[in-house]
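Counted from 1, the sequence shown has number 63 at position 63 by full-length UniProt numbering; the numbering is strictly sequential.
Note that CB positions come from ideal geometry on N, CA and C, so glycine has one too.
Remember, predicted model here, so these are calculated numbers, not experimental data.
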Amino acid sequence: MPTPQIQQQLSEAAVRRLVEDWYRALDRHDPVEDVLPHLAADGLVMRFPEGTAHGHEGFRSWYDAVTHRFFDEAHTVLTVDVEEIRAASAEVRVLVNWQTRTWKAPDATSTWLGFDAHQSWSVVLEDGTPRIRAYTVDSLTPMPGSAGL
Numbered sequence: 001m002p003t004p005q006i007q008q009q010l011s012e013a014a015v016r017r018l019v020e021d022w023y024r025a026l027d028r029h030d031p032v033e034d035v036l037p038h039l040a041a042d043g044l045v046m047r048f049p050e051g052t053a054h055g056h057e058g059f060r061s062w063y064d065a066v067t068h069r070f071f072d073e074a075h076t077v078l079t080v081d082v083e084e085i086r087a088a089s090a091e092v093r094v095l096v097n098w099q100t101r102t103w104k105a106p107d108a109t110s111t112w113l114g115f116d117a118h119q120s121w122s123v124v125l126e127d128g129t130p131r132i133r134a135y136t137v138d139s140l141t142p143m144p145g146s147a148g149l
């Protein structure tokens with residue numbers, strides 16, 4: 001993970017960089033210790049289709065489960081709408097196309113999944129670094145031919 005730049009005020013460019021860095025880390029299945037710096041230390045709430053994760057420990061559990069379930073992940077950020085930005089926080093809407101594969105033993109082949117995920121994020125400036133404090137998957141729209149979650 002690149003060394004974060006210390007900032008005095010949150011900027012739209014920094015929020016967009018966080019979104020891109022976040023999805024690159026997820027696609028690579030980076031070690032959880034390298035992903036955690038993207039997340040706020042206090043008050044973290046992440047709402048996924050699989051359930052809600054609270055704090056870093058909740059995220060660790062979710063991340064362990066999904067990195068053992070999904071492979072060949074590809075997130076393509078379609079839109080980032082920074083709706084409200086203040087000196088130390090921002091409300092953001094993200095639309096990301098997510099494609100992945102799963103495999104369940106003893107199936108002969110893997111299964112493809114593809115969705116457009118509409119998300120709401122709250123980003124905060126913590127220790128001079130933009131971090132995700134709230135992350136909600138608002139809806140998943142399946143692509144034609146996709147298996148369900």
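Presumed contact (8 Å Cβ cut-off) between residue i and residue j, rounded CB distance
i             : j            : result
aspartate 107 : serine 120   : Aspartate 107 to serine 120, Cβ: 35 Å. No contact.
serine 89     : valine 124   : 5 Å
aspartate 27  : histidine 75 : 6 Å
Span of the alpha helix (DSSP H), counted from its first residue to its last, around residue i
i                : result
leucine 18       : 12–28
phenylalanine 59 : 55–69
Where residue i falls: helix, strand or coil (DSSP)
i            : result
aspartate 42 : coil
glutamate 33 : helix
glutamate 50 : coil
alanine 90   : strand
(message) In chain order, what are the residue ranges of uninterrupted beta strand (DSSP E) at least 3 long that sit wholly in the region 100–148?
(response) 111–126, 129–142
(request) Would you check if the region 35–53 and the region 79–94 touch, i.e. whether three or more CB-CB distances between them fall below 8 Å? (result) no
(message) Does the structure place the region 11–22 close enough to the region 123–134 that three or more beta carbon pairs sit under 8 Å?
(response) yes
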